[in-house]
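For the sequence shown, the residue numbers in this note's numbering are -17 to 377.
Note that the Cβ used here is the ideal one computed from N, Cα and C, for glycine as well.
Structure first, commentary second.
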Amino acid sequence: MEKSFRFFLRFHLFVFFLLFFTPIAPMTVQAFTGTYGINYGRIADNIPSPDEVVTLLRAAKIKNVRIYDADHSVLNAFSGTGLEIVIGLPNGNLKEMSGNESHAMDWVKENVQAFLPRTKICGIAVGNEVLGGGDYELWTVLLGAAKNIYNSLEKLHLADVVQIQTAHSQAVFANSYPPSSCVFKDNVVQFMKPLLEFFSQIGSPFCLNAYPFLAYMSDPENIDINYSLFQSTKGISDSKTNLHYDNMLDAQIDAAYAALEDAGFKKMEVIVTETGWASRGDDSEAAATVDNARTYNYNLRKRLAKRKGTPLRPKKMLKAYIFAIFNENLKPGPTSERNFGLFKPDGSISYDIGYHGLKSSADSSHLSLKDFRARGWVQTFSLILITLLWRWFYF
Ligand SMILES: *[C@@H]1O[C@H](CO)[C@@H](O)[C@H](O)[C@H]1NC(C)=O
Ligand SMILES: *[C@@H]1O[C@H](CO)[C@@H](O)[C@H](O)[C@H]1NC(C)=O
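This is how it looks when you write it as structure tokens:
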């Protein structure tokens, strides 16, 4: 009699705790962590402060961020936030870093070591779109700079924490259609191969800046804009591999995989370090509309959330950094260059893809790191409790 009553009581306590604590778990899941990041370009004189950007990113639950330099006000603002940041060594510094190892060491101490571990600097992009670009002298110093920065990290025991990378534009490729025919350009390959050799030794990925927007604009007669926008189309078939592509971004990434394989680096992973679509452009840039930008970025977000690979590398989950957080009013070039932002300079959204921006995000921006930490503890504690109760109930 007494025994069955205790059983009854235990059972109810058990169910009570289960009901009380289990709903906590799903709340801590962060939607795009691991596949979705964003570029924080700052060539503007009217964008929010780095602290406000932290608030914006937290509200949007975007954890992976890239900047194009090592600005200390940004690195300070990101301190203790849990945001993971890849910083940039600008092209203008490559020659100096390549020529003198002690300068590379000074740079790493000043811009990386000084901020770790409070600011989670997880990578250094050494130069940007150097190979295939207009400044040939940079081609010759890129590898030397990457090596000197890497050696400095290693001496400081930071090489396991901070990854060396460099982002490439489509200008390194020849024949990217169909994807399987893609190779590196003849004049690029002699610089690319030693770089890839080094990157494969240190476990770095191939970083690709991929813009279906630019590819479409270069040949609007022959490319279906809906294919560039992840909308439903017949897609394209690659007759050599028998693979089918239903969107251009996947095809561009597999073209990069094909070029890597051709160069002897079949195992190297490709990540997309920039992709996006401008919401405004010059008369000659008719595809740069709010509608198209919204469609591209909305569908891209859905594509990344699937956590799937590409047709050629189905097991390598696609990871991409969106370009960019803000419209940047001081960027030179065509109007589209100044209109890639998901957000306007006042922090409001450029168009709706599910983010709220600074203005209407008062509620979610209260969600501070403390809440996350507290939730983490409650979650751990409740798991232990549930385990104990489980044992108590059954044994
Ligand atoms: C590198 O820079 C340091 C400090 O600026 C200088 O003392 C040294 O001579 C330089 N080394 C070379 C090889 O230029
Ligand atoms: C693209 O798709 C939209 C709707 O999904 C359609 O209205 C439009 O005609 C299509 N454009 C082309 C060039 O096929």
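Fill in: Close-in-space but distant-in-sequence residues of the same chain around L177 (CB under 6 Å, 5 per side omitted)
So the list reads L125, once near-sequence residues are dropped.
Worksheet entry | CA nearest to the CA of I44, picked from V112, L370, A197 and A306 | Of the listed residues, the one whose Cα sits closest to I44 is A306.
Worksheet item: Apart from the five residues on each side of it in sequence, which residues of its chain come closer than 7 Å, Cβ to Cβ, to Y209?
Response: A distance below 7 Å between beta-carbons, with the five flanking residues on each side excluded, links Y209 to the following residues of its chain, in chain order: T215, G217, N229 and M230.
Worksheet item: Taking just the CA atoms, how far does T17 sit from A302?
Response: Pairing A302 with T17, the inter-Cα distance amounts to about 6 Å.
Item to complete: Quickly, what does DSSP pair F325 with across the bridge? List them, please.
Response: F325 pairs with F308 and I331.
Worksheet item: Cβ-heavy atom distance between S84 and ligand 1 below 7 Å?
Response: Answer for S84: yes, Cβ within range of ligand 1.
Fill in: Short Cβ contact (8 Å threshold) for A260 with F188
No.
Item to complete: Entirely within the segment 165 to 208 and at least 3 residues each: give me those beta strand (DSSP E) ranges in chain order.
Response: If we require 3 residues or more, the beta strand (DSSP E) runs fully inside the segment 165 to 208 come out as 188 to 191.
Discussion item. According to DSSP, K28 sits in a beta bridge with which residue or residues?
Written reply: One point to set straight first is that residue 28 is Asn, not Lys, in the sequence displayed. Beta bridge pairing from DSSP links N28 with no other residue.
Fill in: Same chain, Cβ closer than 6 Å to N133, five either side skipped, listed in chain order
None.
Practice prompt. To the nearest angstrom, report how far apart P30 and N224 are at their CA atoms.
Written response: Rounded to the nearest angstrom, the two C-alpha atoms are 48 Å apart.
Worksheet item: What did DSSP end up calling K102 once you bin it into helix, strand or coil?
Response: In the structure shown, K102 sits in a strand (DSSP, three-state: E or B).
Worksheet entry | CB contact flag (I207, A269, <8 Å) | The answer is yes: Cβ separation under 8 Å.
Item to complete: Starting from V94, trace the alpha helix (DSSP H) both ways and give me its first and last residue.
Response: Under the DSSP assignment, V94 falls outside any alpha helix (DSSP H); it carries neither an H nor an E label.
Fill in: Sequence-distant residues of its chain with Cβ nearer than 8 Å to L57 (five each side left out)
Cβ neighbours of L57 beyond the five flanking positions: I67, I69, N93, F97, T101 and I103.
Fill in: Proximity below 8 Å, CB of W121 to CB of V108
Their beta carbons are not under 8 Å apart, which means W121 does not touch V108 by this criterion.
Fill in: L370, buried or exposed, once every other Cβ within 10 Å from all chains shown has been counted against 16
Only exposed fits L370, as fewer than 16 other CB atoms lie within 10 angstroms of its CB.
Discussion item. Excluding the 5 residues flanking Q12 on each side, which residues of the same chain have their C-beta closer than 8 Å to its C-beta?
Written reply: Because the pLDDT of Q12 is 29, which lies under 50, any placement of that residue in the model is unreliable, and the number read from its coordinates should be weighed accordingly. Result list for Q12: K43 and K45, in chain order.
Practice prompt. Would you list the residues whose beta-carbon is nearer than 6 Å to any heavy atom of ligand 2, in the order they occur in the chain?
Written response: Sorted by position in the chain, D206, I207, N208 and Q213 make up the residues whose C-beta lies under 6 Å from a heavy atom of ligand 2.
Fill in: Reduced DSSP category for T257 - H, G, I as helix; E, B as strand; rest coil
Annotated three-state conformation of T257 is strand, per DSSP.
Worksheet item: To the nearest whole angstrom, what separates the beta carbons of G263 and S332, a pair I think is in contact under 8 Å?
Response: 13 Å between Cβ atoms; not a contact.
Worksheet item: What is the DSSP secondary structure of T148, counted as helix, strand or coil?
Response: Under the three-state reduction of DSSP, T148 is assigned to strand.
Discussion item. Comparing C-alpha positions only, which one of P202, T277, F173 and D236 sits nearest to P160?
Written reply: Comparing alpha-carbon positions, the option among P202, T277, F173 and D236 lying closest to P160 turns out to be D236.
Worksheet item: Applying the criterion that 16 or more other CB atoms from any shown protein chain within 10 Å of the CB defines a buried residue, is G185 buried or exposed?
Response: Classification of G185: exposed, given that the 10 Å Cβ count is below 16.
Fill in: Among E243, R276, V254 and S61, nearest to V171 - alpha-carbon criterion
Answer by Cα proximity: E243.
Worksheet item: Considering only the beta carbon of each residue, do N130 and M79 sit closer than 8 Å?
Response: Note that the C-beta distance between N130 and M79 is below 8 Å.
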